[in-house]
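What follows is the structure, encoded as structure tokens:
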């Protein structure tokens, strides 16, 4: 039986211990308006106090709904939320590529994955800024969960680059249980996850349900199709976890 | 005795084996005009043929000298070199930050580290673009060397994010020996390394010489001051190699 209260206490203690040991001050994270960032924000507010947490909304040619849902989370836990619109930086970059006569159809994957990398760079930008402003080190908090990690559903150098991770061993359903215990706003907690990059939901893109991934990870029964899909995704994500480097002769 | 020829043969075989096994096609890398990227470009051209290597110059409010030196490398080995100026994207991003009333003096570290992250994102952008354009997977080649890695002289999510690394176990002096064997243009190979971000050389910023770092790594005699400095840098870089994540209770 999953005990959300106990897990929350363990995570909060882990954060406090790490901050105390490293003489660290605060945390920065992107607030997408989805459950993972909502839960991580709640956990860091509980551990460090909301006055030491900074959330960032980073629209990039996206609708305003995400920013409104991020606001719900910030109001609930009382942390500062700043908005950094990346649309103009994205466009300025894109103009350079257009100047190289790239064909638009060849840039689909490039464009999709550029945004999380720009967001990662923005998280670190704000972390260094607030470290100077507040006179103590701010870390970038990660929001990856176990299901996404297992199937490699993240961008290398994007959402997978951070300084501290707390949800890395919880499936999507467990993250929701933690969020229920922390009273993350329902609109945020039960939102269908999508990457805000393509127009598809995560599960559409993956071709498998998060509940099936969780069942597989926990050694429970899943359909042969789901198993095959999950194992294929996991295997092809290996390069995201282990970067090959040459080992010298002598 | 360091045998550059043997090391080069080993690296070239390593690259070819990895590409063959993964059915991969090409390599993308940023060409700074310095020795590391010059040597890595030469190695990938040797392994894959210059027609499968794409170099990128990424000025960002920097002088034109770097781009000219990059051109020397591209001409020497015959690979395609494209220029993507990041100044406008940087400025567009910066305007958003200025709109938040940040004090310029609090943004020094933020600005310095934003550039390598923007360059990382650009490397991956071009890799995905060329993968679509050429119909085969392009990887981002890393240029980190052992001395930089040992003292943590790199930006997390910046120059340390790549798909394949070949110089990770060679000191700066060994990289130069490999470069001499590969006939990397002298102006590039013997240039004093700097980060192109601040106006200081690497050794000024680090407060220790690369030759001292190499000696330390190889267990040779170094001054007590150098030893103390190197060990302090190494220890404080630990967070760049091991990202703390919470391990659940049950």
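Chains as they are written, first to last, in the numbering used here: chain F, 69 to 318; chain E, 69 to 318.
Heads up, the beta-carbon is just placed ideally off N, CA and C, and yes, glycines get one too.
So, does the CB of residue i fall closer than 8 Å to a CB anywhere in chain E?
i                     : result
residue 234 (chain F) : yes
residue 177 (chain F) : yes
residue 313 (chain F) : yes
residue 136 (chain F) : no
residue 317 (chain F) : yes
residue 284 (chain F) : no
residue 189 (chain F) : yes
residue 185 (chain F) : yes
residue 152 (chain F) : yes
residue 139 (chain F) : no
residue 112 (chain F) : no
residue 132 (chain F) : no
residue 168 (chain F) : yes
Using a 10 Å radius around the Cβ and a threshold of 16 neighbouring Cβ atoms, would you call residue i buried or exposed?
i                     : result
residue 120 (chain F) : buried
residue 82 (chain F)  : buried
residue 238 (chain E) : buried
residue 317 (chain F) : exposed
residue 142 (chain E) : buried
residue 292 (chain F) : exposed
residue 309 (chain F) : exposed
residue 171 (chain E) : exposed
residue 168 (chain E) : exposed
residue 288 (chain F) : exposed
residue 327 (chain F) : No statement about residue 327 (chain F) is possible, as the shown extent of chain F runs from 69 to 318 and does not include it.
residue 268 (chain E) : exposed
residue 183 (chain F) : buried
residue 297 (chain E) : buried
residue 85 (chain F)  : exposed
residue 275 (chain F) : exposed
Less than 6 Å between C-beta atoms, sequence neighbours within five positions excluded: which residues of the same chain meet that for residue i?
i                     : result
residue 96 (chain E)  : 122, 191, 194, 195, 206 and 208
residue 211 (chain F) : 104, 105 and 108
residue 231 (chain F) : 207 and 208
residue 226 (chain F) : 184, 185 and 188
Would you say residue i lies against chain F (beta-carbon separation less than 8 Å)?
i                     : result
residue 300 (chain E) : no
residue 229 (chain E) : yes
residue 222 (chain E) : no
residue 201 (chain E) : yes
residue 78 (chain E)  : yes
residue 91 (chain E)  : no
residue 272 (chain E) : no
residue 174 (chain E) : yes
residue 157 (chain E) : yes
residue 182 (chain E) : yes
residue 310 (chain E) : no
Please go through the same chain and pick out, in chain order, the residues whose beta-carbon is closer than 7 Å to the beta-carbon of residue i, but skip the five residues on each side of it.
i                     : result
residue 295 (chain E) : 284
residue 93 (chain E)  : 120, 202, 204, 205 and 206
residue 87 (chain E)  : 116
residue 244 (chain E) : 103 and 257
residue 218 (chain E) : 281, 285 and 302
residue 149 (chain F) : 99, 123, 125, 138, 139 and 142
residue 326 (chain F) : The displayed coordinates of chain F run from 69 to 318. Any statement about residue 326 (chain F) would go beyond what the structure contains.
Is residue i helix, strand or coil when you go by DSSP?
i                     : result
residue 234 (chain E) : coil
residue 169 (chain F) : coil
residue 87 (chain F)  : helix
residue 151 (chain F) : strand
residue 290 (chain E) : coil
residue 213 (chain F) : coil
Can you name the residues that DSSP bridges to residue i?
i                     : result
residue 92 (chain F)  : BP columns for residue 92 (chain F) are empty, so no partner.
residue 274 (chain E) : Its beta-bridge partners do not exist; DSSP assigns none.
residue 313 (chain E) : F:233
residue 194 (chain F) : Paired residue(s): none; residue 194 (chain F) is not in a bridge.
residue 207 (chain E) : E:95
residue 122 (chain E) : E:96 and E:148
Under 7 Å: does the beta carbon of residue i sit that close to some heavy atom of the ligand GTP?
i                    : result
residue 70 (chain F) : Among the components of this structure there are no ligands whatsoever, and the ligand GTP is therefore not found.
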